[in-house]
Amino acid sequence: MSGAHYGRAFAALQEGCPSDWAAYTRHAFVEGLRSGDLPREAFLHYLKQDYVFLVHFSRAWSLGVVKSETLDEMKVCAGTVDALVNHEMALHVQTCAEAGIDEEALFATREEIENLAYTRFVLDAGLQGDFLDLIAALAPCCFGYGEIGLRLADEAAEGTQYADWIATYSGADYQEAMQAVGTMFDAAIERRLGPDFLNSPRWAALQDRFTTATRLEVGFWDMGLRPA
Ligand SMILES: Cc1ncc(C[n+]2csc(CCO)c2C)c(N)n1
Numbered sequence: 001m002s003g004a005h006y007g008r009a010f011a012a013l014q015e016g017c018p019s020d021w022a023a024y025t026r027h028a029f030v031e032g033l034r035s036g037d038l039p040r041e042a043f044l045h046y047l048k049q050d051y052v053f054l055v056h057f058s059r060a061w062s063l064g065v066v067k068s069e070t071l072d073e074m075k076v077c078a079g080t081v082d083a084l085v086n087h088e089m090a091l092h093v094q095t096c097a098e099a100g101i102d103e104e105a106l107f108a109t110r111e112e113i114e115n116l117a118y119t120r121f122v123l124d125a126g127l128q129g130d131f132l133d134l135i136a137a138l139a140p141c142c143f144g145y146g147e148i149g150l151r152l153a154d155e156a157a158e159g160t161q162y163a164d165w166i167a168t169y170s171g172a173d174y175q176e177a178m179q180a181v182g183t184m185f186d187a188a189i190e191r192r193l194g195p196d197f198l199n200s201p202r203w204a205a206l207q208d209r210f211t212t213a214t215r216l217e218v219g220f221w222d223m224g225l226r227p228a
């Protein structure tokens, strides 16, 4: 049990695609982070791609600011853009700098197809749809890493080389931010669909956005394991 609780909407969405969710959160890449056996090359390949991923995710969260209907929604989205651009990306920059990859090289990383597919899918969900379509596509990224971080903090091999990565996503800062995102998601969904949102005619389409984004997370790990 991971001990992650990010709200009612997330719980329902995750339960709506159990096998995809397990394929994402229990992927061989994740198990390599846990055991420490993930080759360093694969980790750096992933981290370079993830830097570019975060650039585009910052754009998607910025679109969340545009599509917000309440100040609270806007605050959470704007806060996430700030966290990504000014903090979370610095982590990638530092780890890559230690491996001799500077920020200019990072920014110029050629996107892998899986990375391109995932980030543009999320952006399109927000462009084509409304705020709920966007957050349904953003949710697997937030809560999946939260769940993985908490589990690995419990289960990781002693002294694993990926302790920094695990500490980032299991840490209080990240977990509290994801709790706030979860609370905002529930409020946003209830505001638009009512408390009985699971029976809303829109729910199936939102579940589909969530499930697809979860499958794209699986693709992102697969990409990480493929030689660069
Ligand atoms: C492939 C991939 N998926 C999810 C995350 C985690 N993540 C990315 S943006 C964001 C929102 C708030 O920080 C979160 C949680 C990642 N880094 N890379």
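Numbers 1 to 228, taken from the UniProt record's numbering, label the letters of the sequence shown in order. Using N, Cα and C, we set each Cβ at its ideal position, and we do this for glycine too.
- Exposed or buried, what is residue 113 when buried is set at 16 or more other beta-carbons lying within 10 Å of its beta-carbon? exposed
- Message: With H, G and I counted as helix, E and B as strand and the rest as coil, what does DSSP make of residue 179?
- Response: helix
- Note down, in chain order, each residue of its chain lying with its Cβ closer than 8 angstroms to the Cβ of residue 194, except the 5 sequence neighbours on either side. 200
- Item | Nearest residue (CA-CA) to residue 207, options 136, 143, 97 | 136
- List the endpoints of the continuous alpha helix (DSSP H) containing residue 115. 113-128
- Task: Taking all protein chains shown into account, decide if residue 49 is buried (16 or more other Cβ within 10 angstroms of its Cβ) or exposed.
- Result: buried
- Query: With 16 as the cutoff for other CB atoms within 10 Å, does residue 70 come out buried or exposed?
  - Reply: exposed
- First and last residue of the uninterrupted alpha helix (DSSP H) at residue 7: Taken as a continuous stretch (DSSP letters only), residue 7 belongs to no alpha helix (DSSP H), as it is neither H nor E.
- Cβ shell of residue 160 (< 8 angstroms), same chain only, five flanking positions each side left out: 33, 34, 35, 36, 166
- On the premise that residue 47 lies in contact with residue 80, defined as a C-beta separation below 8 angstroms, what is that separation, rounded to the nearest angstrom? About 20 angstroms; that fails the 8 angstroms criterion.
- Query: Are the CB atoms of residue 29 and residue 149 nearer to each other than 8 angstroms?
  - Reply: no
- Flag residue 220 as yes when its Cβ comes closer than 7 angstroms to any non-hydrogen atom of ligand 1, and as no otherwise. yes
- Pick from 139, 142, 175, 138 that is closest to residue 153, judged by C-alpha positions: 175
- Message: Which runs of the alpha helix (DSSP H) at least 4 residues long sit entirely within the segment 56-93? Give them in chain order.
- Response: 71-83
- Does the Cβ of residue 83 lie closer than 7 angstroms to at least one heavy atom of ligand 1? yes
- Query: Taking the alpha-carbon positions, what's the residue 189 to residue 213 distance?
  - Reply: 18 angstroms
- With distances taken Cα to Cα, identify the nearest neighbour of residue 119 among 140, 168, 104. 140
- Query: How about residue 38 and residue 145: are their beta carbons less than 8 angstroms apart?
  - Reply: no
- Query: Run through DSSP, which three-state label would residue 213 get?
  - Reply: helix
- Contacting residues, own chain, Cβ-Cβ under 7 angstroms from residue 62 (five flanking each side not counted): 81
- Task: Assign residue 133 to one of three DSSP states: helix, strand, or coil.
- Result: helix
- Compute every distance between the C-beta of residue 77 and the non-hydrogen atoms of ligand 1, then say whether any falls below 7 angstroms. no
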